[in-house]
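Numbering (our numbering), first residue to last: 1 to 287.
Working notes for the structure below.
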């Protein structure tokens with residue numbers, strides 16, 4: 001079976017996350033905006049049934065992601081979540097009854113083809129099941145510092161592209177950290193059972209990182225246009241996750257001449273994501 005199961009689980013999670021993105025963005029655009037970070041935003045959203053439906057989709061996505069990470073490398077699973085953007089726009093198109101123009105279909109094709117080329121050429125493999133304490137300490141410290149700096153920079157900006165981009169990037173770092181911690185907690189669940197899982201620090205760390213990611217995501221959605229937040233979130237999550245897979249889990253990517261098709265695939269993904277974000281349908285108005 002190879003990597004078939006983790007790929008299937010990751011695709012299920014990406015579809016669920018895309019559904020959650022459509023629903024959560026609709027909800028986020030119906031609550032009062034704020035310039036600063038406020039926990040009361042969640043209380044406002046809890047009154048929106050569409051947001052609760054989005055959170056249910058997040059739970060389904062989390063289960064699929066956990067299954068994918070338990071059976072495949074981090075550097076393979078997380079880049080597949082790049083597909084969230086084209087899936088979200090396809091779902092938004094269906095929900096609003098608006099047809100996607102040819103330029104957006106071209107963007108979808110670029111993302112799908114680029115991701116296939118890049119992952120096929122990189123062929124992530126190997127890695128260690130358990131991460132050493134020093135690598136965890138460095139990885140978590142670096143990730144937390146990056147997320148805090150990006151979030152702080154974004155919250156100091158007025159509503160607009162800079163604010164949305166910084167908050168989207170901060171969300172991406174938190175998502176990548178959540179995935180890395182979730183993968184290790186799945187290892188604990190497999191080796192030590194439910195009791196070990198419930199007493200492992202990784203379990204509570206990935207839960208905390210996940211909550212932080214959700215809060216930052218809601219603020220990034222309010223912070224500015226999709227063209228700024230979504231590329232930072234989509235590309236940032238894939239990039240940081242790949243780096244964490246190599247650094248924390250010592251996963252391997254093919255090098256040598258394989259770097260050429262990898263670069264081509266990445267370029268196609270970047271162009272596709274930027275095009276889709278630029279021409280994306282507004283999830284509230286359908287424009």
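Don't be surprised by glycine CBs; every beta carbon is placed ideally from N, CA and C.
This structure is a prediction, so every number in the text was calculated from the model and none was measured.
(message) Could you give the first and the last residue of the continuous alpha helix (DSSP H) run that contains residue 255?
(response) Against the chain shown, residue 255 aligns to sequence position 255. In the DSSP assignment, residue 255 falls outside any alpha helix (DSSP H) and carries neither an H nor an E.
(request) Decide if residue 14 is buried, meaning its Cβ has at least 16 other Cβ atoms within 10 Å, or exposed. (result) By one-based count along the chain shown, residue 14 stands at place 14. By the neighbour-count rule (16 or more Cβ atoms within 10 Å), residue 14 is buried.
(message) By the three-class DSSP mapping on this structure, what secondary structure does residue 204 have?
(response) One-based indexing of the chain shown puts residue 204 at position 204. Secondary structure of residue 204 (DSSP, three-state): helix.
(message) Applying the 10 Å Cβ sphere with the 16-neighbour rule, what's the burial state of residue 251?
(response) Taking the first residue of the chain shown as position 1, residue 251 is located at position 251. So residue 251 ends up on the buried side.
(message) I need the DSSP call for residue 125, collapsed to helix, strand or coil.
(response) Start at 1 with the first residue of the chain shown, and residue 125 comes out as number 125. Reduced to three states, the DSSP call for residue 125 is strand.
(request) Give every residue of the same chain whose Cβ lies closer than 6 Å to the Cβ of residue 35, excluding the five residues on either side of it in the sequence, and list them in chain order. (result) Counting from one through the chain shown, the residue named residue 35 turns up at place 35. Confidence in residue 35 is poor, its pLDDT being 48 and thus under 50, which makes the residue's placement unreliable; the coordinate value appears in the next sentence. Around residue 35: no qualifying Cβ.
(request) Could you have a look at residue 289 and say whether DSSP puts it in helix, strand or coil? (result) Nothing can be reported for residue 289: it is not among the residues displayed for the chain, which extend from 1 to 287.
(request) Find out if the Cβ-Cβ distance for the pair residue 165, residue 241 is shorter than 8 Å. (result) Position 165 of the chain shown, counting from 1, holds the residue named residue 165. Position 241 of the chain shown, counting from 1, holds the residue named residue 241. Result no, Cβ atoms of residue 165 and residue 241 do not sit closer than 8 Å.
(message) Am I right that residue 173 and residue 141 are in contact with their C-beta atoms under 8 Å? What's the rounded C-beta distance?
(response) Taking the chain shown and counting its residues from 1, one reaches residue 173 at position 173. Taking the chain shown and counting its residues from 1, one reaches residue 141 at position 141. In this structure, residue 173 and residue 141 do not form a Cβ contact; the two beta carbons are roughly 12 Å apart against a cut-off of 8 Å.
(request) To the nearest angstrom, report how far apart residue 285 and residue 98 are at their CA atoms. (result) Within the chain shown, the letter at position 285 stands for residue 285. Within the chain shown, the letter at position 98 stands for residue 98. With a pLDDT of only 39 at residue 285, under 50, the local geometry of the prediction cannot be trusted, and the value read off the model is given with reservation. Each residue's Cα considered, the two are about 11 Å apart.
(message) Applying the 10 Å Cβ sphere with the 16-neighbour rule, what's the burial state of residue 287?
(response) For the purposes of this step, residue 287 is taken as residue 287 along the chain shown, with counting starting at 1. Here residue 287 scores only 38 on pLDDT, less than 50, and its place in the model should not be relied on; the value that follows carries that caveat. Exposed, by the Cβ-count rule.
(request) Output the distance between the C-alpha atoms of residue 254 and residue 50, rounded to the nearest integer angstrom. (result) Reading the chain shown from its first residue, position 254 is the one you call residue 254. Reading the chain shown from its first residue, position 50 is the one you call residue 50. Using only the alpha carbons, I get a separation of about 43 Å.
(message) What would DSSP say about residue 37, mapped onto helix, strand or coil?
(response) Position 37 of the chain shown holds residue 37. Below a pLDDT of 50, predicted positions are generally treated as unreliable, and residue 37, at 47, falls in that range; the measurement from the model is reported next regardless. Here residue 37 sits in coil by DSSP.
(message) Please report the straight-line C-alpha distance between residue 274 and residue 92, rounded to a whole angstrom.
(response) In the chain shown, the residue the question calls residue 274 occupies position 274. In the chain shown, the residue the question calls residue 92 occupies position 92. Spanning the two alpha carbons is a distance of roughly 17 Å.
(request) Take the Cβ of residue 138 as the centre, count every other Cβ of all protein chains shown within 10 Å, and call the residue buried at 16 or more, exposed below. (result) Against the chain shown, residue 138 aligns to sequence position 138. Under this definition residue 138 is an exposed residue.
(request) Let me know the secondary structure DSSP gives residue 100 once reduced to three states. (result) Against the chain shown, residue 100 aligns to sequence position 100. Residue state, collapsed to three classes: coil.
(request) Starting from residue 60, follow the alpha helix (DSSP H) in both directions and report where the run begins and ends. (result) Here the question's residue 60 lines up with position 60 in the chain shown. Its alpha helix (DSSP H) spans residues 49 to 71.
(message) Looking only at its chain, what residues have a beta carbon closer than 6 Å to the beta carbon of residue 150, apart from the 5 residues adjacent to it on each side?
(response) The residue given as residue 150 occupies position 150 in the chain shown. If we look at residue 150 and ignore the five residues flanking it on each side, its Cβ neighbours are 166, 169 and 170.
(request) Can you say whether residue 124 is buried or exposed, counting buried as having 16 or more other CB atoms within 10 angstroms of its CB? (result) Locating residue 124 in the chain shown gives position 124, counting from the first residue. Residue 124 is buried by the Cβ-count criterion.
(request) Please classify residue 84: is it buried, with 16 or more other beta-carbons within 10 angstroms of its beta-carbon, or exposed? (result) Along the chain shown, read from residue 1 onward, the residue named residue 84 stands at position 84. Around the beta carbon of residue 84, 16 or more other beta carbons lie within 10 angstroms, which makes this residue buried.
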